[in-house]
Amino acid sequence: MKLLVIGSGGREHALAWKLSLSPRIHKVFVAPGNAGTAQERGLENISITSIPELIEFAKKEQIAITIVGPETPLADGIVDAFQAANLIIFGPTQKAAQLETSKVFAKEFMQRHHIPTAAYATFTDPVLAHQYIDQTSLPLVVKADGLAAGKGVVVAQTNEQAHSAVNAILVKKNFGSAGSEIIIEEFLQGVEVSFIVMTDGQHILPLATSQDHKRLYDGESGPNTGGMGAYSPTPFISPSLHAKILRDIIYPVITGMRQEGINYSGFLYAGLMITEENQAKVLEFNCRLGDPETQPIMLRLKSDLFTLIEHAVNGTLNKVDVEWDRRAALGVVMAAQGYPENPRKNDVIHGLSQLINEQAHTDNFHIFHSGTVAGGEDGKGILTAGGRVLCITALGDSIKIAQQNAYKLIENIHFNDYQIRRDIGYQGINYQKKINNCSAD
Ligand code: AMP
Ligand code: GLY
724 MKLLVIGSGG
734 REHALAWKLS
744 LSPRIHKVFV
754 APGNAGTAQE
764 RGLENISITS
774 IPELIEFAKK
784 EQIAITIVGP
794 ETPLADGIVD
804 AFQAANLIIF
814 GPTQKAAQLE
824 TSKVFAKEFM
834 QRHHIPTAAY
844 ATFTDPVLAH
854 QYIDQTSLPL
864 VVKADGLAAG
874 KGVVVAQTNE
884 QAHSAVNAIL
894 VKKNFGSAGS
904 EIIIEEFLQG
914 VEVSFIVMTD
924 GQHILPLATS
934 QDHKRLYDGE
944 SGPNTGGMGA
954 YSPTPFISPS
964 LHAKILRDII
974 YPVITGMRQE
984 GINYSGFLYA
994 GLMITEENQA
1004 KVLEFNCRLG
1014 DPETQPIMLR
1024 LKSDLFTLIE
1034 HAVNGTLNKV
1044 DVEWDRRAAL
1054 GVVMAAQGYP
1064 ENPRKNDVIH
1074 GLSQLINEQA
1084 HTDNFHIFHS
1094 GTVAGGEDGK
1104 GILTAGGRVL
1114 CITALGDSIK
1124 IAQQNAYKLI
1134 ENIHFNDYQI
1144 RRDIGYQGIN
1154 YQKKINNCSA
1164 D
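To convert a position in the sequence shown, counted from 1, into our numbering, add 723.
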């Protein structure tokens, strides 16, 4: 059977790689993919991105299932279009994807279904928003309603920051129509984690838990990014909290959507704040897998991903079990100089071929590509082509050992002025130390 994965990031590299390991799959096309997916056995990049052309391709190649990575094609209705063409695709419809594409929709939905989240108010009128800020205590969080490439959220520590966020979104229209409405919400203190599930619209299969590192610099400082590294599982989600998150958040989302006439099928990602009282509150929903969370999660997945997705599209997710590597996995993102504002491109990446050879003989690590293209003097090299370039992902008997393994691999890779965080996994490692009352390694 042949599959099609839509997207070009590290998440899609990890998904496509894992799908290609299924004995039932002989080819996974990636549209458009990157230099990493181009090199991987069993994968083939296709340079198509328009939905009508993707539909033509899926028909011609008799693609068994198409799997969508990023939110933009979901927001554009790729699932609706494929389904209308009688093609099987895994992901939420445009309507279901509103959980991510409209923060106002998501907040109102959570309110209707009593799903724990930060208190909030919505505004279209900047005058009312400014008044509200003056009457509310700080810090507070200002969010554009629509998709804003991770830049539409401002955590305001001062009144000035809050007012200028309102002006940027509602008055200057920095995000166009994605900013015609805003949310101003209560600031939640705590530890942020990622809780990702697969669902067929009725049944839920939780994937392994994880934690991302969203800020550019160590210790959660610097600008917000797409994510600079992630590990799985996270000790911040104990078995009892896990059960509570499923009961109070994930199931109410899926049944609530169904009650409102929307079948939510696909991956669902809840970004959660675990508060000091050990309560989980929703920061955001994404209607897709996380990037870079997917990279460590896929490295730990022992079950056949294709079989899981097949059950999801057939509505039988209750009939499968999922098996995870007991070890921890940790991925460190190597980003280009200038990321996230203005990443530099076309730098030669050194040191990959040796690691790719080693990778063929071990399941202990994997180099996932994001912004890379083939190029260089002889056309056989690999060049940087975007903000996040690689995610070096390794397993280890603890988060600490996985961390050491990932950073050791990075010593072999080089491109000009790359940026990495040196502390990926630190919160998990410290927390594990605390709960074990001894060293995590
Ligand atoms: P979002 O896209 O809504 O997840 O927001 C981006 C980032 O802003 C999150 O990953 C959090 O780090 C931070 N954030 C969003 N909402 C809140 C909140 N209510 N309290 C604290 N931090 C928040
Ligand atoms: N890593 C955060 C996200 O995928 O949205």
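Idealized CB from N, CA, C, for every residue including glycine.
Residue from H837, R835, V865 with nearest C-alpha to T1181: Lying outside 724 to 1164, the shown extent of the chain, residue 1181 is not represented and no answer is given.
With DSSP run on the structure shown, which of helix, strand or coil describes A1059? coil
Rounded C-alpha distance that separates Q1077 from I1136: 10 Å
Throw me the rounded Cβ distance for the F832 and A867 pair, which I believe falls under 8 Å. With a Cβ gap of about 18 Å, F832 and A867 do not count as contacting.
Considering V802, what are the terminal residues of the beta strand (DSSP E) in which it resides? Not the beta strand (DSSP E): V802 falls in the alpha helix (DSSP H), residues 801-807.
Is the segment 1049-1056 close to the segment 960-977, with three or more CB pairs under 8 Å? no
Between N947 and ligand 2, is there a pair consisting of the residue's CB and a ligand heavy atom that are separated by less than 7 Å? no
Of the residues V728, P746, I1072, G732, which one's Cα is nearest the Cα of A739? V728
C-beta atoms of H936 and L1022 nearer than 8 Å: no
Would you mind listing the alpha helix (DSSP H) stretches within the segment 871-902 that are 4+ residues and don't spill past its ends, in chain order? 882-889
Check whether the Cβ atoms of T1107 and A737 lie closer than 8 Å to each other. no
Which residues in the same chain as N757 place their Cβ atom closer than 6 Å to its Cβ, once the five residues preceding and following it in sequence are excluded? S731, H1092, T1095
How would you label T1165, buried or exposed, when you count the other beta carbons within 10 angstroms and need 16 or more for buried? Absent from the structure is residue 1165, since the part of the chain shown begins at 724 and ends at 1164.
Flag this pair as yes or no: are the beta carbons of A819 and I985 separated by less than 8 Å? yes
At a cut-off of 7 Å, is L915 close to ligand 2 when judged by its beta-carbon and the heavy atoms of the ligand? Note on identity: in this sequence residue 915 is Glu, with Leu being the wrong assignment. No, the beta carbon of E915 sits no closer than 7 Å to any heavy atom of ligand 2.
Would I927 pass as a contact of I977 if the rule is Cβ separation under 8 Å? yes
Rounded to whole angstroms, what is the Cα-Cα separation between A1163 and L995? Confidence at A1163 is low in this model, with a pLDDT of 46, below 50, so the placement of that residue is unreliable and no value is reported for it.
Please check the pair R747 and D941, which I expect to be a contact at CB under 8 Å, by giving their CB distance rounded to whole angstroms. Going by Cβ atoms, the distance from R747 to D941 rounds to 43 Å, so no, they are not a contact pair.
Those residues which DSSP pairs with Y940 across a bridge: S944
Taking the continuous alpha helix (DSSP H) assigned at R981, which residues delimit it? 974-982
When you compare the segment 783-790 with the segment 809-816, are there three or more beta-carbon pairs, one atom per stretch, that lie closer than 8 Å? yes
Can you tell me where the beta strand (DSSP E) with A993 in it begins and where it stops? 989-997
Would you mind reading off the limits of the beta strand (DSSP E) that contains E1007? 1003-1009
Please find out if some non-hydrogen atom of ligand 1 comes closer than 7 Å to the beta-carbon of L1006. yes
Taking the alpha-carbon of G945 as reference, which of V877, F959, N1069 has the nearest alpha-carbon? V877
C-beta contact flag for I734 and D1014 at 8 Å: According to the sequence shown, residue 734 is Arg rather than Ile. Yes, the Cβ-Cβ distance between R734 and D1014 is below 8 Å.
Near N1009, what residues of its chain come up, given a Cβ to Cβ distance below 6 Å and the 5 sequence neighbours on each side ignored? E823, Y992
Checking 8 Å against the spacing of the C-beta atoms, do I1152 and K1131 come in under that value? no
Quick check for students: name the residue ranges of the beta strand (DSSP E) that lie wholly in the segment 749-813, counting only runs of 3 or more. 750-755, 766-768, 788-791
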